[in-house]
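K.L.:
Just dropping this structure here.
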Amino acid sequence: MSTLSLTSAFTLLLKRDLVLAYRRRAELVNPLLFFVLVTAMFPLGIGNDPKLIQAVGPGVIWVAALLAALLSLDTMFRSDFDDGTLEQFMLSAHPISVLVLAKILAHWMITGLPLFIAAPLLAMMLNVPTDAIPTLMLTLVLGTPVLSLIGSVGVALTVGLRRGGVILSLLVLPLYVPVLIFATDAVKTSIVGIPTSAQISILAAMLVGSLVLAPLATAASLRISLS
Amino acid sequence: MTSPLSDTATFEAKDLECIRDDRVLFSSLCFTVNPGEALVLEGRNGSGKTSLLRILCGIRLPESGQLLWKGEDIFRLGPEYHEHTAYLGHKDGSKLDLTPLENLRVARGFGKAKEGITLEEALNQVGLYGFEDVPTRNMSAGQQRRLAIARLLVTDAKFWILDEPFTSLDRKGIEHMERLFEAHLQSGGMAAMTTHHRIGFKDDVKLVRVNLSDR
């Protein structure tokens, strides 16, 4: 196949997923609402000490983002599996890993991007200093795609199971931990005023690594799930 | 057979074996399919017809045996083989939230687009004229099946793999689809199918019948 038709298949699938998400807007709001509610509940739970809230702020935002991503993961392949379109795209004339990447990108745009946009507001609510907000945004823009990429492997492995939810969390959460550690550490360090290039570089490396490897692993896992 | 090329069948299955839940469904199964021929799988429920079709598409791996497309292993060919195949399974493979036209556009993009047929014409051919922009969810089961069949028409796939293609079609619809399949075979296409319906193709279409219950 020529590269032209591969690119058009990629955009076609990306567009299809975005159109589908738009037609089911109610589901779209779920992860975002979860993210906002969890972060909003924390100050109510731990009291009104600004120092304490500032100390837990980055962690709370990141843990909520991580759980919101986990919550939305199952939708990545579930409906395609149920209605047979997943089979169709496994049998397409294009490399599956490229199509998988289109699906992951669509998933991130639907679930990760809204979190990224809502994050500065929530950060201010949690008393994160304005100087540290750019770092928070940077960790989110590097980190949330990693969540979608790593998650896609787990979803692909469990999509054939009737109740894959618990196994999915057990599979994926440990792999999310490094992202959580480096991202929150970067924000905390920047609050103190120390350069964060080390943590940011590691997050960027994670993104590059998972961008290269996750689509291949997901394609292979989907093949196993469908056979 | 003088030319060496004519010795290789377009599609060949050698010594296939399929095991499901520790039960041997079939073993040492051999057959060939050539342009203009249709492989018709027969057998009682649970005899492995669907499993065999899924093996033919390359979704499922056989326990042992080889599948060759023009002499090359289909699992090694991968997407290059899928360029030539179209699969219609139990599930229609259409998105219910998209319109028939949008569904077909995606289907055409996934395969190798066929020249000389527009998406509207394909819908017209399966009797869905006027349903271009109705959400697929609002169509009847038979109409959704027709849409799935329209998907076969918009790509250049030569080898159609059809699992009970006539499910939920009315009698007239079945006849109509048979004419479509026949036209595909007469223009040098190939098919592998299962059906409980008696197939009424014209005599010049060669049917290769394989009964899985005997195995």
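As given, the protein sequences belong to chains X and V, one line each in that order. Heads up, the first sequence is in full-length UniProt numbering, so the first residue is 1 and it goes up one at a time. Heads up, the second sequence is in full-length UniProt numbering, so the first residue is 1 and it goes up one at a time. Glycine included, each C-beta is placed from N, C-alpha and C at the ideal position. Note that the structure is a prediction, hence the values are computed from the model and not measured.
1. What are the residues in the region 88-103 of chain X lying within 7 Å of chain V by C-beta distance?
2. Which residues does DSSP list as the beta-bridge partners of V:L207?
3. One question on the structure: do V:L98 and V:V126 come within less than 9 Å of each other, judged by their Cβ atoms?
4. In its own chain, which residues sit with a C-beta less than 6 Å from the C-beta of X:L126, not counting the 5 before and 5 after it?
5. Pick from V:A13, V:N45, V:T32, V:T10: whose alpha carbon is nearest that of V:E164?
6. Considering only residues of the same chain and omitting the five flanking positions on each side of X:L13, which have a CB-CB separation below 8 Å?
7. In whole angstroms, what separates the C-alpha of residue 216 of chain V from that of V:V106?
8. Can you find a CB in chain X that lies within less than 9 Å of the CB of V:P79?
9. From the DSSP output, in three-state form, read off X:A214 for me.
10. Using only the alpha-carbon positions, how far apart do X:I167 and X:L226 sit?
11. In chain order, what residues of the same chain have a beta carbon less than 6 Å from the beta carbon of V:S3, not counting five sequence neighbours either side?
12. According to the Cβ coordinates, are X:A214 and X:L203 closer than 9 Å?
13. For a contact meaning CB atoms closer than 8 Å, what does V:G89 contact in chain X?
14. How big is the Cα-Cα spacing for X:I46 and X:T11?
15. Below 8 Å on the Cβ atoms is my guess for V:F110 versus V:L123; work out the distance and round it to an integer in Å.
16. Taking 8 Å as the limit between beta carbons, can you name the residues of its chain near X:M1, skipping five residues before and five after?
17. Give me the chain X residues within the contact set of V:S168, using Cβ-Cβ distance strictly less than 7 Å, ordered along the chain.
18. Short of 7 Å in beta carbon distance, which residues of its chain neighbour V:E182, apart from the five on each side in sequence? Order them along the chain.
19. Quick one: is V:I59 near chain X, going by C-beta distance under 9 Å?
20. Quick check on the DSSP output: the alpha helix (DSSP H) that includes X:K188 runs from which residue to which?
21. Determine which residues of the region 141-175 of chain X have a Cβ less than 8 Å from any Cβ of chain V, and write them out in chain order.
22. Hey, does X:L20 have any beta-carbon neighbour from chain V nearer than 9 Å?
23. Using the Cα positions of X:L180 and X:L66, report the straight-line distance between them to the nearest angstrom.
24. Distance, Cα to Cα, V:G188 vs V:R209?
25. Output the distance between the C-alpha atoms of V:K172 and V:H196, rounded to the nearest integer angstrom.
26. Within 10 angstroms of its Cβ, does V:H90 collect 16 or more other Cβ (buried), or is it exposed?
27. Against chain X, with Cβ distances strictly below 9 Å, would V:A141 count as a contact?
28. Check the Cβ of X:S227 against every Cβ in chain V and list those closer than 7 Å, keeping chain order.
29. Using a Cβ-Cβ cut-off of 9 Å, state whether V:K95 counts as contacting chain X.
30. Measure the Cβ-Cβ separation of X:R78 and X:V155 and say whether it is below 9 Å.
31. Determine, using beta carbons only, whether V:L29 and V:A9 come nearer to each other than 9 Å.
32. Measure the alpha-carbon distance for X:R16 versus X:T218 and round it to whole angstroms.
33. State the start and end residues of the unbroken alpha helix (DSSP H) segment that holds X:R25.
P.N.:
Short version:
1. Q88, F89, M90, L91, S92, A93, H94, P95
2. V:A38
3. no
4. I53, G57
5. V:N45
6. F89, L99, A102, K103, A106
7. Past the edges of chain V, shown from 1 to 215, lies residue 216 of chain V, and the structure says nothing about it.
8. yes
9. helix
10. 18 Å
11. Residue placement at V:S3 is flagged as unreliable, the pLDDT there being 41, under the threshold of 50; a coordinate-derived value is accordingly withheld.
12. no
13. G84, E87
14. 46 Å
15. Actually they are not in contact, since the Cβ atoms of V:F110 and V:L123 sit about 17 Å apart, beyond 8 Å.
16. For X:M1, the pLDDT reaches just 46, beneath the cut-off of 50, and the residue's location in the model is therefore unreliable, leaving the point undetermined.
17. Those do not exist, as V:S168 stays about 14 Å from chain X at its closest Cβ, beyond 7 Å.
18. F201, K202, V205
19. yes
20. 165-192
21. none
22. yes
23. 8 Å
24. 19 Å
25. 16 Å
26. exposed
27. no
28. I59, R60, L61
29. yes
30. yes
31. no
32. 20 Å
33. 25-46
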